[in-house]
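Accompanying notes for the structure given below.
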Amino acid sequence: MSRRTEQVAEAIKEEVSTLIQRELKDPRLGFVTVTRVEVSPDLKYAKVFFSVLGDDNTKAETLKVLKRASGFLRRELSHILTTRYTPELHFEFDVAMEHGDKIQRLLLQLEQEEKEREQAAANNPGQEATGTTGEA
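Each residue of the sequence shown is one higher than the last, beginning at 231 in our numbering.
Here it is as structure tokens:
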């Protein structure tokens, strides 16, 4: 991505995030965080990636609301951006955030299991860390 497209993507991310929080009043809209924006080289299209707290139903409803509001958000962006074209906005749920959270939970679980094994080994010095005795 060129420096210009990166700048436009960052501006869109900040402004769309602010507009969602301040201007969209739909009760179906969950707690939305705009995580990143990818802009096409010609600056005519922008993929807006977001995450939302809640279950799959909340995510689906939030996506519907954002898709319906894309025209309004684009119009508001046209007053803010200094580009020839205001990009057409396409919203997508950011699965990378969910994937990262899952990895984080797994790492914490492994760490907890390791601590439990160490405590068990310290409490039972005659046994190995795997929980088996040294008898043959």
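Positions of the beta carbon are idealized from the N, C-alpha and C atoms, including for glycine.
Residue j beta carbon less than 8 Å from that of residue i
{"i": "T292", "j": "V262", "result": "yes"}
{"i": "E245", "j": "I310", "result": "yes"}
{"i": "K289", "j": "F321", "result": "no"}
{"i": "F280", "j": "V295", "result": "no"}
{"i": "T235", "j": "P257", "result": "no"}
Rounded Cβ spacing between residue i and residue j (contact assumed at less than 8 Å)
{"i": "K274", "j": "E318", "result": "6 Å"}
{"i": "E253", "j": "E306", "result": "7 Å"}
{"i": "R304", "j": "T312", "result": "Their Cβ separation, rounded to whole angstroms, is 15 Å, which puts R304 and T312 out of contact at 8 Å."}
Environment of residue i [buried if 16+ CB atoms lie within 10 Å]
{"i": "I333", "result": "exposed"}
{"i": "L368", "result": "Here the chain comprises residues numbered 231 to 366, so residue 368 is not present and cannot be evaluated."}
{"i": "A352", "result": "exposed"}
{"i": "K243", "result": "buried"}
{"i": "G330", "result": "exposed"}
{"i": "G260", "result": "buried"}
{"i": "A350", "result": "exposed"}
Cross-strand partners of residue i (DSSP beta bridge)
{"i": "H320", "result": "K277"}
{"i": "V262", "result": "V282"}
{"i": "V377", "result": "Because the chain here runs from 231 to 366, residue 377 falls outside it and cannot be looked at."}
Proximity test, residue i beta-carbon vs the ligand NAP heavy atom, cut-off 7 Å
{"i": "L337", "result": "Looking at this structure, you won't find the ligand NAP or any other ligand, since it has none at all."}
So, do the segment 332-346 and the segment 287-301 have three or more beta carbon pairs nearer to each other than 8 Å? no
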